[in-house]
Structures are given as structure tokens and as C-alpha cells.
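Number of protein chains: 2
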Amino acid sequence: MIDLTLALDAMGGDYGPAVTVPAALQALDANPHLHLLLVGSPDAITPFLARADFEQRSRLQIIPAKSVVASDARPAQAIRASRGTSMRVALELVKEGRAQACISAGNTGALMGLAKSLLKPVDNIERPALMTVLPNQQCGKTVVLDLGANIECSSRMLAQFAIMGSVMAQEVLGIERPRVALLNIGEEETKGRESIRDASAQLKADPLINYIGYLEANDLLTGKTDVLVCDGFVGNVTLKTMEGVVRMFLSVLKGQGEGKKSAWWLLLLKRWLQNRLMRRFSHLNPDQYNGACLLGLRGTVIKSHGAANQRAFAVAIEQAVQAVQRQVPQRIAARLESVLPKSD
Amino acid sequence: MIDLTLALDAMGGDYGPAVTVPAALQALDANPHLHLLLVGSPDAITPFLARADFEQRSRLQIIPAKSVVASDARPAQAIRASRGTSMRVALELVKEGRAQACISAGNTGALMGLAKSLLKPVDNIERPALMTVLPNQQCGKTVVLDLGANIECSSRMLAQFAIMGSVMAQEVLGIERPRVALLNIGEEETKGRESIRDASAQLKADPLINYIGYLEANDLLTGKTDVLVCDGFVGNVTLKTMEGVVRMFLSVLKGQGEGKKSAWWLLLLKRWLQNRLMRRFSHLNPDQYNGACLLGLRGTVIKSHGAANQRAFAVAIEQAVQAVQRQVPQRIAARLESVLPKSD
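Protein chains in written order, with my numbering: chain A, 1 to 344; chain B, 345 to 688.
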């Protein structure tokens, strides 16, 4: 394995350096080939480096940035005022080739807009999309996009997302002829929004896509498809609904029986059963798959959940490592060139 | 308690009379004051009445209907060709006052359109909305709407749904000043679609609504709000995502440890613990809250899940009983008259 360098927007997310810096140190420990550029206010970052050892420090560098994109700023406004922000500087490091990928837990709309203008979409892609890979009940994986980069989507955008998702499933997950479905509120042809019905017609006409039709949201985890496509609003709501229900289950499971007096052997048995169940469900724990990839750009950008904790942010860094090693942007660009007509 | 009569679209749903008739018999057993009108093809219904006893038969009547609304028909087309369908006849029985409510598992769009044209919306409501009451983690209940009656919603429709949901929570759930939230992809003011931001501004300006702002989908079950409002596409996706995740959990829980050889006492203990956990989660089982109420009409219409089994369809019948007994349409109409300006 060769060395790789990632740029971290150390100031983004709900907790800023308090989460990003410890997560960075954790990632450095886990991967001896990793180098990190921590972008942000040195005064804010340094205190959290106190427990870093010499070896860790040798593989990280603080890149000063004087301001931060507010998480509640309107994207257009944030982008106009982005010069010198940690998010923008991190993306510029990727553009300049000093880093191979950028990770941020900051404002999604601003990250998407800045990434698009700095790193440029690959040919034939209008707008990048946020993508994640969810585990499914068939012990396989499902590529889901868009998760919030594009609030409103035309049928053409949905069809492009389907192509990107299909390439992702084929090239990265190794699925031969990935099944592609559109998320809708019924499986019948007549259901749903017009943009979805039009996208369906476009995908049906595409011989290179293994399009299987509509799926409903209760099939999110059943493994009936390898790629599930929807607009960013719906994708965001779907993923967050899933997260909410999973967290609720895990908390009930954890708290089950607490505070009740039982025989010690019964408590032990219960604990044992709980742990087994927790392990069965743990792959669905939102912390385990944090990090959505901004697909369709000429560079790798990973968006972490804004509320990510240290463990979850470390997972997002690991996602970036994987995407760089598997050359996701290059493979998508290459496949799209062969799949789509060259734009003028 | 006084007697009440409900009209059942016996032909609707994925399984038709095979599910609706046994569920009807179950509901008659559970409620001695209930009378049911089974609407549909007598030839299709009669075989499933074989096991009905004399007392049950005395409280049910077959109302012949010569056709069925196809579940995959376009609503506009289905409505034009609806004369003589079981769905329409069932609604007409409510309109004529022969039944106090109608229950159907058929085509949602057609049911919504037919109900609107036959039963009419209450004053000041443009379009009825599908509403359900979900249990939440605070041991309370959350009113969620729209669940699929309106695929695209204007800001005014969303604001009307908020008012209907608030009335529902106050009058039926007995919550004094119900908190009302809009479902969005972020809690900041600038997030989401324009229609949602406009609805937010309208609700903020309404002194009679206890509007608390945006909530994200991971708060669906946390009890942070009493009423959660969204468009029908998003609501449908949210509910189905929840259902899918819950079913997955319940199936893992049920299957846990199966097929492995263990000591008999260990198996018994595991079974006991599993059953306890299942009970903790059972209130979230989709079968337990089947039946969405079409809110905003001058009559009670309950939409059952198309794939409902006997138990779930019986729950939908019980929902109709509750709505009739609590006079939901009348209370909503009365509250709206006092809340909203009289239309010209």
C-alpha cells in the first residue's frame, strides 16, 4: 500500500475540532500509510493534539484557515463568502493535488456547491450526488443516492444518478450486472411524481442499465436491488428515518430489563443474549456507515454527518481512504465516458 | 355504546375477500355493537362466510358491487370508470347515511379522489390528507400526515394539514396545546423545499398553532412533536422506511438462535427473553397501527394498507369504529370553522 494524504475540514460539524482531531488521531493509528492535513484555526485545533505522540504528529500538519462555513448558512451565500474557510481550503488542497480527498462534516449545500465549482463534475454529469452503501438483509450491500445534495431533481438527473450508482456497484462492490431501482410510493407504472416516471422511461430505454423498476421504501434493507435512486430530499428523509428507528431499537435493547432485580444468573444470560442481538444489529448502527461520498466529481469528497461523534468521523475518514484506493472518481469517469454520449 | 354500521370495500387490497371477510368476522366478534356492510361480488365474498355463525350473519349484509377499482389504475381514469365498483358503492353508503364510515384497502389515489367528490371536504380544506397516529418513545403518540394522498403539496396545503393534525391531536388524543412540526432535512430556517419554508412562515404567524419549527426524520419516534406534517410522497416513504426497518428487526429477533443446538433450558430462557423483547417492540409492528384516516372530509374514510393481512385489516376496522365514536370529522369541521376564516 502506498502513502496517501487526506485534507480534513477540522472545523466542520456540530462539534468541530473536539470530534475531528481525536478522530484524525484514531485514523492515523489505524492506518500507518495515512497522512492528514487538518484545515482550520490552529488555536482551536492545537489543544486537541495534546495527546498525539511524535509519530502521529509526523504524519499530520495544520493548514490554517481563518473562518468557518456556518452550518445554517444558505449555500449560495456561504459559497460567495467562502474564501479562507476551512471547507474551501480543504477542497483547494484536493484541487491542487496536495491531498487526494477531502472530508467535511460541514454545511452539505455549501460543500456540494464548492466541490462542484472547485473540482468540477465529470463529463455528462450535471450535478454530483451524495451516495452511501447500506448493508442489506441478503448479506449484500445496496448503493443509495442521492442523500441530500440535490433537493429537487429532474428526470435526467435521476437517470444520471442511476448510472453513477450502477458504476459504483459494479466497480467498487464488484456486482456484475447491478440491479437498479427508483424509489417510489408504489410499484405500479402510474405511481409517483412525474420526474420519477420520466426517469423510469429513460432507464428502461438504456441497454447498459439493469433497471428493475420501482421499489418502495420498505424494501430499503431487503436487498431486492443493488442500487436505489431518489432525489436528495427523499433520500435524506429515508436515511434519517432508518437511523432514528435503528437508534430507538438499540436503546431499547440496551436498556431492556435495567433497574429490575433479577437473579445474577438470569442477568448474565440476559446480558449475553443482548450482546448477541446487538452484534446482529450493529452493522445498521449509523456510526458504522457514516460518510456519504459526493459522486460524480473529478475528486473524492466525503460528507460526514454533522452530528458525527469521534468514532463516526473516523469511519468517514476510512471511507475516504477506501474511495482513494479504489479510484472511485477515475473509474466512474471512465465508465461514464463509455456509457454516455460525449457532450459537446 | 350505541350500534354503528360501517361499509367495507370487501374487494380492495392485494388479497380482497380472502382477507377482508375474515377480518370483518373478527371485528364483529370483538364488538357486539358493530354492523358491517360487505360491498363487492357476492360470489367472491360468500365462500369466506362459511365459518360465520348465525349471530355474526345477523350483523352483516352483502351489498353487491359489480366491479373493482384496479390497484394499479391511474386515479383519474379509475374515478371516471368507478360507477358500480365496490369502493364507490361503499363510499356512497356513507354519503347516503346508511353507513357511518367506509374502510378500503384499494387504490389510494382513487379512494382519495372518490371520497373527496362524494363526501366533500370540510370548509377551508382544499384537499384531504391521510393521517396516522404513531407511538413514540415518550410513551405518547404522534399524529403524522400526509401519508400519500397528495404527492405534491403547496405551502397552503401543508399549513392546512398542520391545522387538521393539531385539531386531531387536541380533540382525539387529548393533548392540550399540541406541538406541531414540519418534516424537513435540517432544523435551520434555510433548509429544504420552498413550499416547506413558506408553510413554516404561515404557521409561525398563526397564534392558534403551537408551531415548533422543523424536525428531521430521525425524530419520527422520539416524541419531540405531537404533530408531524409533510407532503404525501415524503410521508409515504417515511412510514414505509420505518415499517421495513421494524419488520427487519422483528424477523432478526424472531430468528435469533434458530437452528442451533442448545440445552433445552437455554432455549426456553432465550424464548422467554425474546418474547419480552418482542412485546417491547410490538407496538411498532406495522400490523398494529394499520389504517390511515382520510382527514378533512365530511365523513370517515379509513385507508388500509393494500398488503394488510387479516389482523391488520381488523385493526383498520377498529380505527373506523374509534373515529366514528370520537366524531373526528365533526370535531375537525367545528374547530376549523372557529380557526379559519369562512371561505366565500
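Built from N, CA and C at the ideal position, the CB exists for glycine as well.
Please check the pair residue i and residue j, which I expect to be a contact at CB under 8 Å, by giving their CB distance rounded to whole angstroms.
i	j	result
A:Arg298	A:Lys116	Between A:Lys116 and A:Arg298 the Cβ distance is about 10 Å, and since that is not below 8 Å, they are no contact.
B:Asn451	B:Pro419	7 Å
B:Gly567	B:Leu491	No, B:Gly567 and B:Leu491 are not in contact; Cβ-Cβ is about 19 Å, not under 8 Å.
B:Val433	A:Ile185	26 Å between Cβ atoms; not a contact.
A:Ala24	A:Ile317	7 Å
B:Val365	B:Leu382	7 Å
B:Ala445	B:Val668	5 Å
B:Leu474	B:Leu527	Not confirmed; about 14 Å, so no contact.
B:Gly635	B:Val665	10 Å between Cβ atoms; not a contact.
B:Leu494	B:Asp575	Checking the sequence, you will find Asn at residue 494 of chain B rather than Leu. So it is a contact: roughly 6 Å between Cβ atoms.
A:Ala105	A:Ser304	4 Å
Would you call residue i buried or exposed, if buried means 16 or more other Cβ atoms sit within 10 Å of its Cβ?
i	result
A:Phe54	exposed
A:Leu60	buried
B:Lys548	exposed
B:Asp353	buried
A:Leu253	buried
A:Ser251	exposed
B:Ile646	buried
A:Thr46	exposed
B:Ala545	exposed
B:His377	exposed
A:Glu338	Residue identity check: residue 338 of chain A is Ser in the sequence provided, not Glu. Exposed, since its Cβ has fewer than 16 Cβ neighbours within 10 Å.
B:Asn554	buried
A:Ile163	buried
A:Pro178	buried
B:Gly453	buried
B:Ala525	buried
B:Pro386	exposed
A:Ser86	buried
B:Pro361	buried
A:Gly174	exposed
A:Ala50	exposed
A:Arg98	exposed
A:Glu176	exposed
B:Ala374	exposed
A:Glu92	buried
A:Leu208	exposed
A:Pro335	Inspection of the sequence shows that residue 335 of chain A is occupied by Arg rather than by Pro. Buried: at least 16 other Cβ atoms inside 10 Å.
A:Ser58	exposed
Go ahead and pull the three-state DSSP assignment for residue i.
i	result
B:Ile676	helix
A:Met131	strand
B:Lys548	helix
B:Ala351	strand
B:Thr534	coil
A:Val143	strand
A:Ala101	strand
A:Leu173	coil
B:Lys460	helix
B:Pro465	strand
A:Arg88	helix
B:Arg670	coil
B:Ile529	coil
B:Gly695	In the structure displayed, chain B extends from 345 to 688; residue 695 of chain B sits before or after that span and is not available.
B:Ile556	strand
A:Ala292	strand
A:Ile317	helix
A:Ile302	strand
A:Arg83	coil
B:Asn619	helix
A:Arg74	coil
Between the stretch 588-595 of chain B and the stretch 206-225 of chain A, are three or more C-beta pairs nearer than 8 Å?
Yes: at least three Cβ pairs fall under 8 Å.
Taking only runs of the beta strand (DSSP E) that begin and end inside the stretch 219-266 of chain A, which ones reach a length of at least 3 residues, in chain order?
Runs of beta strand (DSSP E) with 3 or more residues, each lying fully within the stretch 219-266 of chain A, are found at 227-229, listed in chain order.
Determine contact between the stretch 302-313 of chain A and the stretch 402-411 of chain B, defined as no fewer than three beta-carbon pairs at a distance below 8 Å.
Flag = no, the stretch 302-313 of chain A and the stretch 402-411 of chain B do not touch.
Within 8 Å, do at least three Cβ pairs link the stretch 137-144 of chain A to the stretch 262-277 of chain A?
Touching, no, given that fewer than three Cβ pairs across the two stretches are closer than 8 Å.
Check whether the stretch 320-329 of chain A touches the stretch 418-437 of chain B, counting contact only when three or more Cβ pairs, one atom from each stretch, lie closer than 8 Å.
Touching, no, given that fewer than three Cβ pairs across the two stretches are closer than 8 Å.
Identify every run of the alpha helix (DSSP H) within the stretch 10-70 of chain A, keeping only runs that are complete inside it and at least 4 residues long; order them along the chain.
If one requires a minimum length of 4 residues, the alpha helix (DSSP H) runs lying completely within the stretch 10-70 of chain A are 17-30, 42-45, 54-58, in chain order.
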